[in-house]
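Inspection log for the structure reproduced underneath, given as structure tokens.
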Amino acid sequence: MITSDLMRFTLASASAHKMRSGLTALGIGIGVTAVVLLTSIGEGLQQYLLAEFTQFGTNIISVTPGKSETFGASTAALNTTRPLSLADAEALNRVPYVTHTNGAVMGNAEVEGNGRSRRTQVGGAGPNMPLVLSFNVTLGKFLPPDDLAAPRPFAVLGSKMRTELFDSRNPLGERIRIGGSRFRVIGVMESKGTILGFDLDDMVYIPTTRALELFNKDGLNEINILYDPSASTEEVEAGIRRMMIARHGGEDFTVTTQEQMLDVLGSVLNILQIAVAGLGGISLLVGGVGIFTIMTIAVRERTSEIGLVRSLGAVRRDVRRIFLVESILLAGLGGVGGLICGGLIVETIKIFIPALPLRYSIPYAMAAEIVAVLIGLLAGVAPAQKAANLDPVNALRTE
Amino acid sequence: MRIVDCNRIAFGAVTRYPLRTSMMLLATSIGVGSVLLLTALGESARGYVSAQFQSLGTNLIIVFPGKSETSGVSPGVMTGTTERELTLDDARALARSSAIKLFAPVIVGSMPVSRGGLERDTTVIGTTQQFAEIRQWEMALGKFLPNVDIDRASPVCVIGSLIRRELFRDEPPIGKWLRLGNRRCRITGVLSEQGTSIMVDVDEVVIVPVSYAQMLFDVSGLFRIIIQATEGDTMDRARADVIRIIKERHYGEEDITAITQDAVLSTFDGIFQTLTKALAGIASISLIVAGVLIMNVMLVAVSQRTREVGLLKALGATRRQIIALFLTEAAFLAVFGGVVGLGFGYLVTSSLRAFFPEYIFMPPVWAAAGAFGVALCCGLFFGIWPARKAAALDPIMALAGRQS
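Protein chains in written order, with the working numbering: chain A, 40 to 438; chain B, 928 to 1331.
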């Protein structure tokens, strides 16, 4: 049987029972829609999180106190006998390809100004922080490069702190008290929003040395290092390791590159995405059962037709192909319907709830369609074989 | 038509095509089974997390320095770095509240511990004797920290089982010296194996008196104060007392955060419950697909059984009776599918339970009832159209085997 005949034959038989074919395809379509919707949510979330993490730039390496074997913070961030010092941060500037470093301390303190007070996050930062974390000032300027041992008491407000304390007034030059010490506001940071539930705008930045004094600490929480993007990360990392070991006499710190962070995050999100796609796949499986059932019924109903086709000279292979193509056609069309329907739903949700990070995932949509066609093929094999094995004489006789 | 007859005819129709029927049962049972499995997974995650929290002790309040105006976590508050620290005297003042049964100040940090030529970095916890009581820790050897005044920095320590294995192998460790940084302390006990609880591997810690930890790390402030309220309904009173006492001591400024174990637990509980419900919802989509299949097959059945419907009508069956007949058939399919799915789901979860006894793979009752209910509703809903179609057949035409 030539291919065009085969196609015409299958299309005719599929459209002979419009309702039945439609419902069978609908089963697969619902499954594909579910996969498309779920993976769109997964993909959107993935993009959103990656964007959150890369907003600080990608060529960053951070050094934290304490050796941690696993991914995660060591308790050395709390207390340690071998703290990271500002001198360490300075020394890391000399590592090849390192362009800037920033020693960071984080704490919580009462901030008073303009007759108001607010408990907030206070960050100790170096003059290079805006460069290292690509985080800019909108008003005034950032902390100046003062003497490390005795920096002047200047403070830079996060955008939320500015509105909380000064509303829309110009805060530059105003005096504020942080944990009882006096600081002068010299800048306001741009708004960065929240990242993983932590509000970056609800912050005040003061020189690191002052923050260490304020919190009575002798070690930094973290050193952020910005390096030349053209240099290889491994090389820079090795240089940092060498420098730190030379200064500390042993590896009592953890070096985390932004690349590693993104890798780990990416692989976790990928696993999540596959799991979510798998959940949607359950419906596809049920749709496959539907195709199998309907094809089995069709073979029984069309027994005399099969007998006729066989007596006109069609061989077993032809009969098998007729049914296989029909089953693949149903699944494939259902899948396409599902792709379109899923896409429409995703677009509609985007219009009505723009805050939801949804993103149509084309690779997963393609995969869903391929799986749908495969399911059609698998579900069609047994009925098609059954049809092919019918005895033509008996089949013709069947009413 | 009597109900018994109706059931008998529907059952006969269902069993007449074993392959077709078993496929519809399979479809429904995949749906019901996956709802059960996924919710069991969600529930076991919830159970695992709440067991982790419960293993910390009961009626707990956790106090740490610093306070954030906006809700949510922030590194500054979580690490307890603040300009006014929680001190040992703050902790001691808590004894004034009658709602507080036990309290333990805690300092956590990391430092190298060594013995002979063996050294490793480990987590050191500074606390008091009451900590073991709150956490319900058992000792494998010796005893926990001595019950002496908080200020006494006795050079003693208790080690986790992994530290013991790594530094002492088979030697008895009790009474031996352990070097912590550049100080020494004598081992008084070894904790029994606890495993990881809330991110800290208890087998890998060294526990020293809190004043000794202050000396080791050269700090004065506490990281946390763990409080156990007295039994009964005293949690809220205990929390209010803690905030009041420390506020008084901090010159009227509320610069601490006190969270109750229940609050944390219920937050996590809520998250996991939402997650479980979302999983159940996603799995239920497959039940709708199964419903579509039932509708499809019933439509086929209606056209195949046109003569039978015609005969029934000729014998005086009303429209309602025909509808009831086909709906009963749909309900049979859904109910049997649901039962098979429930059986399958419970079989898989109980075998998972047998292999992983530490997790509670148990589908919640609401999920089982819900999945069954949704399957039944889907069956009935998708059965309505074929049933109406059958009922609308003209008896004379139908008897002749024609649909219109």
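By construction, the Cβ of each residue, glycine as well, lies at the ideal position given by its N, Cα and C atoms.
The structure presented is a predicted model; accordingly, all values stated were derived computationally and were not measured.
Residues of chain A with a CB under 8 Å from the CB of residue i: which are they?
| i | result |
| --- | --- |
| residue 994/B | 147, 158 |
| residue 957/B | 321, 324, 325, 328 |
| residue 1142/B | Within 8 Å Cβ-Cβ: nothing; residue 1142/B doesn't reach chain A, min ~11 Å. |
| residue 1108/B | 120 |
Going by alpha carbons, who is nearest to residue i out of the options?
| i | options | result |
| --- | --- | --- |
| residue 211/A | 217/A, 218/A, 228/A | 228/A |
| residue 242/A | 194/A, 234/A, 160/A | 160/A |
| residue 1156/B | 959/B, 1015/B, 1061/B | 1061/B |
| residue 1092/B | 1159/B, 1042/B, 1026/B | 1042/B |
| residue 198/A | 155/A, 177/A, 266/A, 121/A | 177/A |
| residue 993/B | 985/B, 982/B, 983/B, 1009/B | 1009/B |
| residue 1158/B | 1025/B, 933/B, 979/B | 1025/B |
| residue 1325/B | 1143/B, 1239/B, 1252/B | 1239/B |
| residue 62/A | 1205/B, 1300/B, 959/B, 1218/B | 1218/B |
| residue 411/A | 206/A, 342/A, 376/A | 376/A |
| residue 280/A | 88/A, 48/A, 131/A | 131/A |
| residue 382/A | 104/A, 75/A, 64/A | 75/A |
| residue 1230/B | 1253/B, 1214/B, 1144/B, 1242/B | 1253/B |
| residue 1313/B | 1048/B, 1056/B, 1176/B, 1250/B | 1250/B |
| residue 1097/B | 1068/B, 954/B, 1308/B, 1323/B | 1068/B |
| residue 180/A | 168/A, 205/A, 188/A | 168/A |
| residue 942/B | 1311/B, 1327/B, 1256/B, 1016/B | 1256/B |
| residue 1108/B | 1163/B, 1216/B, 1140/B, 968/B | 1140/B |
| residue 289/A | 273/A, 158/A, 105/A | 105/A |
Contact check, residue i vs residue j under 8 Å by CB: the rounded distance?
| i | j | result |
| --- | --- | --- |
| residue 1227/B | residue 69/A | The Cβ separation is near 19 Å, so there is no contact. |
| residue 264/A | residue 366/A | No, residue 264/A and residue 366/A are not in contact; Cβ-Cβ is about 59 Å, not under 8 Å. |
| residue 1072/B | residue 1032/B | With a Cβ gap of about 12 Å, residue 1072/B and residue 1032/B do not count as contacting. |
| residue 1066/B | residue 1118/B | 6 Å |
| residue 79/A | residue 398/A | 6 Å |
| residue 1332/B | residue 1268/B | What the structure shows of chain B is the stretch from 928 to 1331, and residue 1332/B is not part of that stretch, so it cannot be assessed. |
| residue 971/B | residue 1286/B | 4 Å |
| residue 1036/B | residue 153/A | Residue 1036/B to residue 153/A, Cβ: 38 Å. No contact. |
| residue 140/A | residue 267/A | Not quite, the Cβ-Cβ distance comes to about 13 Å (not below 8 Å), so this is no contact. |
| residue 429/A | residue 345/A | 5 Å |
| residue 286/A | residue 127/A | 6 Å |
| residue 175/A | residue 297/A | That belief does not hold up - the Cβ atoms of residue 175/A and residue 297/A are roughly 19 Å apart, past 8 Å. |
| residue 1079/B | residue 1138/B | 6 Å |
| residue 1302/B | residue 1264/B | 6 Å |
Determine the chain B residues that contact residue i at a beta-carbon separation under 9 Å, and present them in chain order.
| i | result |
| --- | --- |
| residue 439/A | Outside the shown range of chain A, which is 40 to 438, sits residue 439/A, and nothing can be said about it. |
| residue 69/A | 1212, 1213, 1215, 1216, 1219 |
| residue 65/A | 1216, 1219, 1223 |
| residue 256/A | 1008, 1146 |
Could you tell me which chain B residues have their CB closer than 7 Å to the CB of residue i, listed as they occur along the chain?
| i | result |
| --- | --- |
| residue 322/A | 1212, 1213, 1216 |
| residue 253/A | 1010 |
| residue 59/A | 1223, 1226, 1227 |
| residue 62/A | 1219, 1222, 1223 |
| residue 333/A | 1223 |
| residue 284/A | Under the 7 Å cutoff, chain B gives no residues; its nearest Cβ is about 14 Å from residue 284/A. |
| residue 106/A | 1048 |
Can you name the residues of chain B whose CB is closer than 8 Å to the CB of residue i?
| i | result |
| --- | --- |
| residue 11/A | Beyond the ends of chain A as shown, which are 40 and 438, falls residue 11/A; an answer cannot be given. |
| residue 219/A | 1010 |
Note down, in chain order, every chain A residue with its Cβ under 7 Å from the Cβ of residue i.
| i | result |
| --- | --- |
| residue 961/B | 321 |
| residue 1169/B | What residue 1169/B touches in chain A: nothing, since even the nearest Cβ is about 18 Å away. |
| residue 954/B | 325, 328, 329 |
Identify the contact partners of residue i in chain A, using a Cβ-Cβ distance below 9 Å as the criterion.
| i | result |
| --- | --- |
| residue 1085/B | By Cβ distance, chain A contributes nothing, its closest Cβ being about 17 Å from residue 1085/B, past 9 Å. |
| residue 1182/B | 147, 148, 149, 158 |
| residue 1209/B | 73, 77, 315, 318, 319, 321, 322 |
> Where in the region 1196-1251 of chain B do unbroken runs of the alpha helix (DSSP H), each at least 4 residues long, occur, reported from the N-terminal end onward?
Replying inline: 1233-1241
> Counting only runs that start and end within the region 158-199 of chain A, where is the alpha helix (DSSP H) found for 4 or more residues in a row?
Replying inline: 168-171
> Would you call the region 977-992 of chain B and the region 1186-1196 of chain B touching, i.e. three or more CB-CB distances under 8 Å?
Replying inline: yes
>> With a threshold of 8 Å, are at least 3 pairs of Cβ atoms found where one atom belongs to the region 1204-1222 of chain B and the other to the region 955-971 of chain B?
In response: yes
> Do three or more CB pairs link the region 141-153 of chain A to the region 252-270 of chain A at distances below 8 Å?
Replying inline: yes
> In the region 283-345 of chain A, which residue ranges form an unbroken alpha helix (DSSP H) of at least 4 residues, counting only runs that do not cross its ends?
Replying inline: 297-340
> With contact counted as at least three CB pairs below 8 Å, one residue from each stretch, are the region 1218-1234 of chain B and the region 319-337 of chain A in contact?
Replying inline: yes
> Touch check for the region 1273-1289 of chain B and the region 1170-1183 of chain B: three-plus C-beta pairs under 8 Å?
Replying inline: no
>> Does the region 1241-1249 of chain B come into contact with the region 1312-1320 of chain B, if we say contact requires no fewer than three beta-carbon pairs (one atom in each stretch) closer than 8 Å?
In response: yes
>> For the pair the region 387-406 of chain A and the region 941-957 of chain B, tell me if three or more CB-CB distances fall below 8 Å.
In response: no
> Fully enclosed by the region 215-287 of chain A, which alpha helix (DSSP H) runs are 4 residues long or longer?
Replying inline: 247-253, 272-287
>> To test your reading of the DSSP string, which unbroken alpha helix (DSSP H) runs of 4 or more residues are found completely within the region 40-89 of chain A?
In response: 42-55
> What alpha helix (DSSP H) runs, 4 residues minimum, are completely inside the region 1027-1062 of chain B?
Replying inline: 1057-1062
> Would you say the region 301-319 of chain A touches the region 43-54 of chain A, given that touching needs at least three Cβ pairs under 8 Å?
Replying inline: no
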